[in-house]
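The sequence shown begins at -14 in the working numbering and counts up one residue at a time. First the structure, in the form of structure tokens, and then the observations on it.
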Amino acid sequence: MASNSFGKLFRFTTWGESHGPAIGCVVDGTPPLIPLEEADLQFHLDRRKPGQSRFTTQRRELDTVRILSGVFEGKTTGTPIGLEIQNQDPRSQDYGETKDQFRPGHADYTYLTKYGIRDYRGGGRSSARETAMRVAAGGIARKVLASRLGSAFWVRGALVQVGPHAVDRANWDWGEVERNPFWSPDADIVTRWETYLDSVRKAGSSSGAVVEVVAQGIPPGLGEPVYGKIDSDLAQALMSINAVKGVEIGDGFALATTPGDKAGDEMRMLDGEPAFLTNRSGGVLGGISTGQPVIARFAVKPTSSILSPRHSVDRFGKNVDVVTKGRHDPCVGIRAVPVGEAMMACVLLDHLLRHEAQCGSAVSDKSQATS
């Protein structure tokens, strides 16, 4: 397995399995002298950890992160940063009945076909447990980005659809996102999502979702055409998240039905500077950032572990009906919100460092003076 690392100049490698003793991450390429402590990362991990509402898995993991290397006297040293989280509540016995069965929607069949062996406990390496370390790496990326870009920079995510129920964008309020268990920017839809997910769970099923991630304060010029486009790297990053089956940048697939005279982002001069009148491109043109907010959405399929029996086969070639027991998210898209934020931050920092290596600072003196 040779694809456990992500990024070029800012690069992280994750390790560990869902029911192993621990999961971890090595983050390389972090500039020196960045203030960093475990609490900086724990804040983001606490937003992702399980058991925070009845709509997420009840596996009891504190997700307490330890910094093992790369930080001295509260600042990064420029050397690899080692991170570790101990697994505390795996309950592997829940998977005894399905250890020889290929659970529909899971990677059981493909892992066994490829490697000739698989860790059946909670999906092993293919489990979304791995994403905790992405969130930790994203916390480091955010610290570096904030030090480079100033207070104008932020990355935020929101859940914008659960099953067939989408938010009303007229009600969008970023402040609302932190006030409900769904990370919803629309307060009015929360009750509808609760009712819907309760009914789905009682039926022994699960729901998919759509997550939107936005980055503000990104300077123009980040991205490397033609095979290092910032939007293509962002799409790769988001598609690598467990259960993600689709990604769009800006208006994305809606642009297929948008007339050409409406699709392009027109420009005018504003206060002596070029300004865009719309942002249908999601802050990227030609694979390079425009200076507008970078916007991406990704679709998360319904949780594959459900109580309803489904047809499959086992490793011995027999037909079976699979019932997946255990503690599973009725909608894994909820906890994917901070993961999407983390991957956005990692892509942005990687491209910022790549830009600085080739072109110098991406932040103009004017931008620095106002940050």
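Glycine included, every Cβ here is placed at the ideal spot set by N, Cα and C.
> Just the Cα atoms here: how many angstroms apart are K214 and G189?
Replying inline: 42 Å
> If V324 sits next to V120, beta carbons under 8 Å apart, how far is it from one beta carbon to the other, in whole angstroms?
Replying inline: Contact between V324 and V120 holds, with the beta-carbon distance rounding to 6 Å and staying under 8 Å.
> Mind pulling the beta strand (DSSP E) runs of 3 or more residues that sit fully within the region 234 to 292?
Replying inline: Taking only runs of at least 3 residues, the beta strand (DSSP E) segments lying wholly in the region 234 to 292 are 252 to 255, 258 to 261 and 279 to 285.
> What are the boundary residues of the beta strand (DSSP E) that includes D13?
Replying inline: A7 to D13
> Looking at the structure shown, is T(-1) part of a helix, part of a strand, or coil, going by DSSP?
Replying inline: In the structure shown, T(-1) falls within a strand segment according to DSSP collapsed to helix, strand and coil.
> Hey, V140 and M329: beta-carbon distance below 8 Å or not?
Replying inline: Taking 8 Å as the cut-off, the beta carbon of V140 is found closer than this to the beta carbon of M329.
> Under the three-state reduction of DSSP, which class applies to T355: helix, strand or coil?
Replying inline: Below a pLDDT of 50, predicted positions are generally treated as unreliable, and T355, at 39, falls in that range; the measurement from the model is reported next regardless. If DSSP states are grouped into helix, strand and coil, T355 belongs with the helices.
>> Cutting at 7 Å between CB atoms, please list the residues of its own chain near H340, excluding the five before and the five after it.
In response: G206, L207 and A347
> Are there 16 or more other CB atoms within 10 angstroms of the CB of M118, so buried, or fewer, so exposed?
Replying inline: Buried: at least 16 other Cβ atoms inside 10 Å.
> Rounded to the nearest angstrom, how far is the Cβ of L21 from that of I125, given a contact under 8 Å?
Replying inline: 7 Å
>> Please state whether the Cβ-Cβ distance between I280 and G268 is less than 8 Å.
In response: yes
> Taking the alpha carbon of V232 as the point to measure from, which residue in V211, L219 and V322 has its own alpha carbon closest?
Replying inline: L219
> So, helix, strand or coil for Q221, using DSSP?
Replying inline: helix
> How would you label C10, buried or exposed, when you count the other beta carbons within 10 angstroms and need 16 or more for buried?
Replying inline: buried
> When you compare only the Cα positions, how much space is there between A260 and S54?
Replying inline: 44 Å
>> I'd like to know whether the C-beta atoms of A137 and G67 end up nearer to each other than 8 Å.
In response: No; because the gap between Cβ atoms is not below 8 Å, this pair is not in contact.
> Which runs of the beta strand (DSSP E) spanning at least 3 residues fall entirely within the region 137 to 207, listed in chain order?
Replying inline: 139 to 147 and 194 to 201
> How would you write the range of the beta strand (DSSP E) that L68 sits in, first residue to last?
Replying inline: I66 to Q71 is the span of the beta strand (DSSP E), which, as asked, contains L68.
> Who does T61 pair with in a DSSP beta bridge?
Replying inline: T61 pairs with V56.
> Skipping 5 residues on each side, what residues in its chain have a beta carbon closer than 6 Å to that of M252?
Replying inline: P259 and F261
> Who are the Cβ neighbours of D171 in its own chain at under 6 Å, not counting the five residues just before and after it?
Replying inline: The beta carbon of D171 sits closer than 6 Å to those of V152, D153 and N156, all from its chain and outside the five residues before and after it, given in chain order.
> What residue range is occupied by the uninterrupted alpha helix (DSSP H) comprising D306?
Replying inline: Careful: D306 lies outside any alpha helix (DSSP H), inside the beta strand (DSSP E) at N304 to V307.
> Hey, would you say Y96 sits closer than 8 Å to S111, going by beta carbons?
Replying inline: yes
> Between which two residues does the alpha helix (DSSP H) harbouring S132 extend?
Replying inline: T116 to L134
> In three-state DSSP terms, what is D299?
Replying inline: strand
>> Please state the DSSP three-state secondary structure of G107.
In response: helix
> So, D25 versus K187, is the Cβ gap smaller than 8 Å?
Replying inline: No; because the gap between Cβ atoms is not below 8 Å, this pair is not in contact.
> In this structure, does DSSP put Q343 in helix, strand or coil?
Replying inline: Q343 falls in the helix class under three-state DSSP.
> Which residues does DSSP pair with P20 in a beta bridge?
Replying inline: K60
> Sorted by chain position, which residues of the same chain lie with C-beta nearer than 6 Å to T374's C-beta, five sequence neighbours on each side aside?
Replying inline: Outside the shown range of the chain (-14 to 356) lies residue 374, about which nothing can therefore be said.
> Taking the DSSP output, what are the residues bridged to S38?
Replying inline: According to DSSP, S38 bridges with nothing at all.
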